[in-house]
Every structure is written in C-alpha cells, then in structure tokens.
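S.K.:
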Amino acid sequence: MPGILHQGRQCYHETESFPAMKKNLIAFDMDGVLIDVSGSYRDAVRRTASLFLRGAAAWESLPDPLFSLTDLARVKQSGGLNNDWDLTYLVLGLLFSCIDCPDFPDGADTWQTYRQTIAR
Numbered sequence: 080m081p082g083i084l085h086q087g088r089q090c091y092h093e094t095e096s097f098p099a100m101k102k103n104l105i106a107f108d109m110d111g112v113l114i115d116v117s118g119s120y121r122d123a124v125r126r127t128a129s130l131f132l133r134g135a136a137a138w139e140s141l142p143d144p145l146f147s148l149t150d151l152a153r154v155k156q157s158g159g160l161n162n163d164w165d166l167t168y169l170v171l172g173l174l175f176s177c178i179d180c181p182d183f184p185d186g187a188d189t190w191q192t193y194r195q196t197i198a199r
C-alpha cells in the first residue's frame, strides 16, 4: 500500500505511480533565492571585527555588539563591498577613525608615549 516508508532516519513517499526511490540531492543557493542568509553574513562581519579588537587595552569596555546590523547594512549599501573581508576591513577602518590620537610633545619617543597611552 502506498504511503511513507521509513528506513532508519530517512523517509520516502511512495505513490502508486512512483515507487519509493532514494534520491541524493545537493542544492547550491548561490544568489540567496532559496534561503536568505544575509543576516548570518552580516553577523559574521560583526563578530570578526570584535575578535580583531580582542586583546586591545580596555577592549572589554567596548559595546557588544560594536555596531548595529542596520549600520552595517548602510555601509554595505554604499557600494563595492560584496566581499565580506573587504567589508570587515572597511568597518574596522571606520571604527579606528573614531579614536582620538594623543598629541605627542616635540622630541618625545612617540612609540613609547603611544604604548603608555593605550595601556591606560
């Protein structure tokens, strides 16, 4: 009698005109038509940016998340950022542009002064 056949963890549907068949299928969704995964890619960019900053002085005090997915979408929509590595690089650059750089006195060892400043 036609119906659903169970074989282990797999199920097959059987009808009178189509006997139960095992089919192997691999589907590639290259353009996001079948499944919308844009949120997961954007979250991966956000997590990568956070991981990049981990270990920096006072990184624990940074907001979590560093930026909203809406803000990230706006950056991505600016154009030319189909590669998530490029997007992450740009986002990190934007974050670094928000940091105030210390003024170094003339003749100071700028590297040592910088190291002391970021260690606070």
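Each step along the sequence shown adds one to the number in this note's numbering, with nothing skipped, and position 91 is 170.
From the three backbone atoms N, C-alpha and C, an ideal C-beta is built for every residue, glycine too.
#1: So what does DSSP say about R188, is it helix, strand or coil?
#2: Hey, R121 and F146: beta-carbon distance below 8 angstroms or not?
#3: Have a look at L104, I114, G118 and S129 and flag the residue whose alpha-carbon is nearest the alpha-carbon of T167.
#4: Express the C-alpha separation of A152 and G158 in angstroms, rounding to a whole number.
#5: L173: which of D185, K155 and D182 sits nearest, CA to CA?
#6: I think G118 touches L148, with their Cβ atoms under 8 angstroms apart; what is that distance to the nearest whole Å?
#7: In angstroms, rounded to a whole number, what distance separates the CA positions of D143 and L171?
M.R.: On the basis of the supplied data:
#1: The identity of residue 188 in the sequence shown is Asp, whereas the question assumes Arg. D188 falls in the coil class under three-state DSSP.
#2: no
#3: S129
#4: 11 angstroms
#5: K155
#6: G118 to L148, Cβ: 7 angstroms. Contact.
#7: 15 angstroms
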